[in-house]
Amino acid sequence: MQALDIDSAFALGTSQGGWIATRMALLDPDAIRGIVVVGTSMDYESQASMERGCWDGSGFCTPAIDALAAPVGDEWVVDDEFVLGVLAAGLGDDVSDSEKQFWLDTYRQNYTGDDGRHRLRTASVNLRDRDGLEARLGDVICPVLWLQGTADSVYSVANAEDGIARFTGSPSAELQIVEGGQHFLTASDPETANAATLAFVEKWS
Numbered sequence: 007m008q009a010l011d012i013d014s015a016f017a018l019g020t021s022q023g024g025w026i027a028t029r030m031a032l033l034d035p036d037a038i039r040g041i042v043v044v045g046t047s048m049d050y051e052s053q054a055s056m057e058r059g060c061w062d063g064s065g066f067c068t069p070a071i072d073a074l075a076a077p078v079g080d081e082w083v084v085d086d087e088f089v090l091g092v093l094a095a096g097l098g099d100d101v102s103d104s105e106k107q108f109w110l111d112t113y114r115q116n117y118t119g120d121d122g123r124h125r126l127r128t129a130s131v132n133l134r135d136r137d138g139l140e141a142r143l144g145d146v147i148c149p150v151l152w153l154q155g156t157a158d159s160v161y162s163v164a165n166a167e168d169g170i171a172r173f174t175g176s177p178s179a180e181l182q183i184v185e186g187g188q189h190f191l192t193a194s195d196p197e198t199a200n201a202a203t204l205a206f207v208e209k210w211s
């Protein structure tokens, strides 16, 4: 934001992006006017989160982290099984063939060679090993909108209910449940997510 000469903004993030948007609000409360967190968790990948119905993040990420540990040559591309696993977690079982092909092509273009391997492994490590923000959420002083789909296979509605209640210092902390919404909610239910985000920004601008 400083590099772009932006003094203040709203921040939106999906999955770990919601955690990142929240950290932005903690790091610079004067710059972040409000956050929209989507299909996310404020916890680390803990046993407590799994007891609230969330996925086993360590179990999902660790095989990829281990498999991507060694340097590779320029011919390496991300494995299709990894991409399809991410799609299944993010969008469920009803992903069209054309959409699958789009994301397979996109991942193959982005994650190639040793640089691609390293970036993919680092992203997986960051997801599995991130710290939790739960104890710090009371220090968030901007408005918060949490969008959570009921069909999210990664983070549960119960986890969202637990998380939103921890924003005790916010002037408004609202949880909006989207029936049938997937983990990648802005992709599975874009009209609902876009309308809710626009209303939030207009309210708090």
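Under the numbering used here, the first residue of the sequence shown carries the number 7, and numbering increases by one thereafter. Even for Gly, the Cβ is constructed at its ideal location relative to N, Cα and C.
key: A70 - partner residues in DSSP beta bridges   = Partner(s): none; A70 has no beta bridge.
key: Terminal residues of the beta strand (DSSP E) in which F16 lies   = 15 to 20
query = Any idea if G155 is buried or exposed, counting beta-carbon neighbours within 10 angstroms, 16 or more meaning buried?
reply = buried
Cβ-based burial, V108 [other Cβ within 10 Å; buried from 16] = Here residue 108 turns out to be Phe, not Val, going by the sequence shown. Exposed.
task = Starting from V207, follow the alpha helix (DSSP H) in both directions and report where the run begins and ends.
result = 196 to 210
query = Given that a residue counts as buried once 16 or more other Cβ atoms are within 10 Å of its Cβ, and exposed if not, what is Q188?
reply = buried
DSSP three-state assignment for E57, whether helix, strand or coil = In this structure, E57 counts as helix in the three-state DSSP scheme.
Length of the line joining the Cα atoms of G59 and I12 = 38 Å
request  = Output the boundary residues of the beta strand (DSSP E) element that contains R39.
outcome  = 38 to 44
query = Among the residues of its own chain, which have a CB less than 6 Å from the CB of G169, if the five just before and after it don't count?
reply = M48
request  = For E197, count neighbouring C-beta atoms within 10 Å of its own C-beta (all shown protein chains included) and say buried if the count is 16 or more, exposed if not.
outcome  = exposed
inquiry  = If distances are taken between C-alpha atoms only, which option among K209, S211, V207, T192 comes closest to V44?
reply    = T192
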